[in-house]
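Chains as they are written, first to last, in the numbering used here: chain A, 52 to 154; chain B, 52 to 154.
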DNA sequence: CTTGTTCGTAAGACATGACTTACGGTAAGC
DNA sequence: GCTTACCGTAAGTCATGTCTTACGAACAAG
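#1: Please tell me whether residue 106 of chain B and residue 129 of chain A are closer than 8 Å, where the distance is taken between their beta carbons.
#2: Any beta carbon from chain B within less than 8 Å of residue 120 of chain A's own beta carbon?
#3: For residue 115 of chain B, which residues of its own chain have a beta-carbon under 6 Å away from its beta-carbon, when the five flanking residues on both sides are left out?
#4: Classify residue 108 of chain B as helix, strand or coil using the three-state DSSP reduction.
#5: Under 7 Å Cβ-Cβ, which residues of chain B neighbour residue 164 of chain A?
#6: Kindly list, in the order they appear in chain B, the residues whose Cβ is closer than 8 Å to that of residue 128 of chain A.
#7: Using the three-state DSSP reduction, which class does residue 77 of chain B fall into: helix, strand or coil?
#8: Would you identify the three-state DSSP class for residue 119 of chain B, choosing helix, strand or coil?
#9: Assuming contact is defined by CB atoms lying nearer than 8 Å, are residue 100 of chain B and residue 72 of chain B in contact in what I supplied?
#10: Please state whether DSSP places residue 128 of chain A in a helix, a strand or coil.
#11: Buried or exposed for residue 97 of chain B, going by 16 or more other Cβ atoms inside 10 Å?
#12: Assuming the contact rule is C-beta atoms closer than 8 Å, residue 104 of chain B and residue 56 of chain B should be a hit. Round their C-beta distance to whole Å, please.
#13: Determine the contact status of residue 142 of chain B and residue 76 of chain A, defining contact as a CB-CB distance below 8 Å.
#14: Among residues of its own chain, excluding the 5 on either side of residue 154 of chain B, which ones have a beta-carbon nearer than 6 Å to its beta-carbon?
#15: Where do the N-terminal and C-terminal ends of the alpha helix (DSSP H) with residue 59 of chain B fall, by residue?
#16: Taking the CB atoms as reference points, tell me whether residue 139 of chain A and residue 125 of chain B lie closer together than 8 Å.
#17: Can you grab the Cα-Cα spacing for the pair residue 88 of chain A / residue 58 of chain B, in whole Å?
#18: What is the DSSP secondary structure of residue 141 of chain A, reduced to helix, strand or coil?
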């Protein structure tokens with residue numbers, strides 16, 4: 052739910068691959084594991100981290116669990132980034148001012 | 052420069068603290084290290100990672116190096132996130148549709 | 001009730017990376 | 001020129017996290 056967790060979760064390349072695969076739509080764990088170079092339990096562990104970060108959610112469907120993207124974590128990350136982006140642009144403008152003309 | 056590097060760089064809490072400290076404005080390495088619970092070389096190493104990710108830039112000023120935020124890496128991250136955010140909202144809407152009314 | 005899927009968790013091996021101290025290099029001040 | 005301040009890099013130690021195999025639980029099918 053916090054942007055820190057989202058950043059930590061999305062840092063790992065394999066976990067990011069899991070997350071990006073969910074972009075194609077909701078999928079069960081086995082389906083995800085079939086297209087990834089890791090074992091199914093490893094996918095489950097990654098999904099747990101993504102779920103704790105608020106990046107994915109799951110629903111039960113028989114014995115299978117369907118995972119899909121959760122906007123919450125993504126939103127938290129986006130808010131933090133936007134807020135940072137603004138001050139960064141200001142600082143960049145001030146820096147450009149400083150290097151070009153110096154009173 | 053790529054969003055993968057930016058995510059990896061911002062995942063570490065200490066490195067994120069270094070980055071967020073630069074939000075207050077350009078600062079030399081020693082100044083950053085003074086307010087952080089790690090040694091100065093550690094700060095240098097973190098700055099190197101941030102620099103490679105396009106998140107910060109440095110300029111020489113005497114024997115000191117002033118670091119400031121670089122919008123490039125932040126922009127790459129933002130573009131990736133926005134693009135993801137869109138599809139996530141669509142998927143979320145479709146999911147809401149699915150769970151509410153079922154024909 | 002038994003069998004077969006699908007999945008999550010536990011335990012352990014292993015790699016990755018973050019931090020420290022030690023060292024060298026560059027610029028400023030006297 | 002000599003000393004001092006500031007910084008980056010190298011080497012080594014140590015913790016964190018990712019992967020595997022093994023096991024048990026929940027549900028559907030027969």
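We treat Cβ as the ideally placed atom computed from N, Cα and C, and that holds for glycine.
Please read all numbers here as calculations on a predicted model, not as lab measurements.
This is what the structure gives:
#1: no
#2: yes
#3: 79
#4: strand
#5: Any answer about residue 164 of chain A is impossible in this case: the structure gives chain A only from 52 up to 154.
#6: 132
#7: Three-state DSSP puts residue 77 of chain B in coil, outside helix and strand.
#8: It is a strand residue.
#9: At a Cβ-Cβ threshold of 8 Å, residue 100 of chain B and residue 72 of chain B do not count as neighbours.
#10: helix
#11: Buried, by the Cβ-count rule.
#12: 4 Å
#13: yes
#14: Bear in mind that a pLDDT of 33 at residue 154 of chain B, under 50, signals an unreliable position, so the number given afterwards is only what the model happens to contain. Cβ within range, chain order: n/a, list empty.
#15: Run containing residue 59 of chain B: 54-62, per the alpha helix (DSSP H) assignment.
#16: yes
#17: 22 Å
#18: helix
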